[in-house]
Amino acid sequence: MLRKLLRKTPLAWLQVKREKTRLFVALAGIGFADILMFFQLGLMESAYTSATGMHYRLRGDLFLLNSVSDNVQTIKPFSRSRLFQAAGTDGVAAINSLYLGIGRWRNPANRTFWQVQIYGFNPSNPAMDVPDAASELNKLKMLNYVLYDQAARPDLGNVASQLQQSKPLSAQLNDLQIQVTGVFTMGASFSADGNLIVSDSTFLRLFPERKPDDIDVGLITLKRGADIKQVQADLKAKLPNDVLVLTKEEFIQRERNYWSQVSPIGVIFGFGTIVGFLVGTVIVYQILYSDVSDHLPEYATLKAMGYGDRFLVGILLQEALILAIMGFVPGFAVSLGLYGLIAQATLLPVKMSLDRLVLVLSLTLVMCIASGAIAMRKLQSADPADIF
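If you want our numbering, it's the 1-based position in the sequence shown plus 651.
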């Protein structure tokens, strides 16, 4: 079968390359469709990655959340008493808590305001891994001292450079004068322009309406050898249904589900990917249909010589595959450059992945084969009588 297919390939290639202008238009159309799909999928994945950056840093095996919380940016607090109830469960080694809030950061240079995500916890018992600023955590014990995200958007100010000249750096957050004592790296997201880490005491000063016993995330560390699924089941049975008990994987997946299924971001980028696929399908169909129409007498001649529809359909499908592969290469190359520009301009984690490459290549192949399948109807109408 493969040998027969390869014997048809030169004819398909000759058909494809015969009209240089048509070939260029086809490759440009397929490349554009691939760029559009790469662009939409890349931004969508960067939204998920930036939204779950905090989750991967959390220290714990199980996590308590208010059951009505949709995502981190709109998280609802719950009573710390639920965490104390969890502490008495078999298999639980330690508990911890984390405060989350959206604050108003004022650029020290131009006095403009920007939205930042604020994380508050006890510096003596960090709720998050901050390896690049571990030595600075003790300084957070002083009231109104903060750690600044050096991967924040430049609009927030050139804080990292100013810290090298003057440390600590005075700034304003939620209309409160604070001192930036160090930096860490997390990165901006679609909902916040940067991130700050503070002590739990400083957090409560920044958000005076918050009660100390109302926490946002409860962190539970299990004893060595404890069965996480069993402990999770015990906690679910023990605690009221006003809190959720999640593993880290479930916590991350819950956040991703919100951004992909509830927020407009997932819908917009998903629809953009579909549009790119449809655009490519229409372009390839037009090219193949025109090619078949222009060479209908030649196909009719082949039929008169004894070649059946399967042979002719095979040629058309090979043309579609050749166009798919040739169009994918420039689309992929341009998308790599586009990812770099977007990452540099927005500071979002827009990166190429093998899974996305395979997905877009598969969609391109399906797109071109589907176009070829639609164009077959014209090919099957080739009648040997047309040449006489």
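For each residue, glycine too, the CB sits at the ideal point set by N, CA and C.
As the structure is a computational prediction, the values presented were derived from the model and not from experiment.
Every unbroken stretch of the beta strand (DSSP E) spanning 3 or more residues and falling wholly within the stretch 747-822 is given here in chain order: 764-772 and 796-800. Annotation for I848: the continuous beta strand (DSSP E) segment containing it runs G845 to S850. Distance from the Cα of V882 is smallest, within the candidate group F714, L1016, L1012 and E860, for F714. If you keep only unbroken alpha helix (DSSP H) runs of at least 4 residues inside the stretch 925-962, you get 947-955. Taken in chain order, the whole alpha helix (DSSP H) runs of length 4 or more contained in the stretch 874-912 are 879-889 and 899-908. Rounded to whole angstroms, D867 and T700 show a C-alpha spacing of 21 Å. If you ignore the 5 residues before and after S730, its C-beta comes within less than 7 Å of the C-beta of D864 and D865, all in its own chain and listed in chain order.
Inclusion of A663 and Q995 in the CB contact set at 9 Å is not warranted, their separation being larger than that value. Under the rule that a run must span 3 or more residues, the beta strand (DSSP E) segments found entirely inside the stretch 665-749 read 713-717. DSSP places F835 in the uninterrupted beta strand (DSSP E) bounded by L827 to F835.
Excluding five sequence positions before and after W756, the CB atoms of its chain that fall closer than 8 Å to its own CB belong to F764, W765, Q766, V767, L807, A822, Q823, L824, D844, G845 and L847, given in chain order. The distance from the Cβ of F928 to that of A684 is about 7 Å, consistent with a contact at the 8 Å cut-off. Linking A971 to V667 through their CA atoms gives a straight-line distance of about 9 Å.
Sequence-distant Cβ neighbours of G752 in its own chain, meaning closer than 6 Å and more than five residues away, are I769 and F858.
Straight-line spacing of the CA atoms in S775 and L794 works out to 14 Å. Looking at L1016, L989 and Q691, the one whose alpha-carbon comes closest to that of I976 is L1016. Under the three-state reduction of DSSP output, D1006 falls in the helix class.
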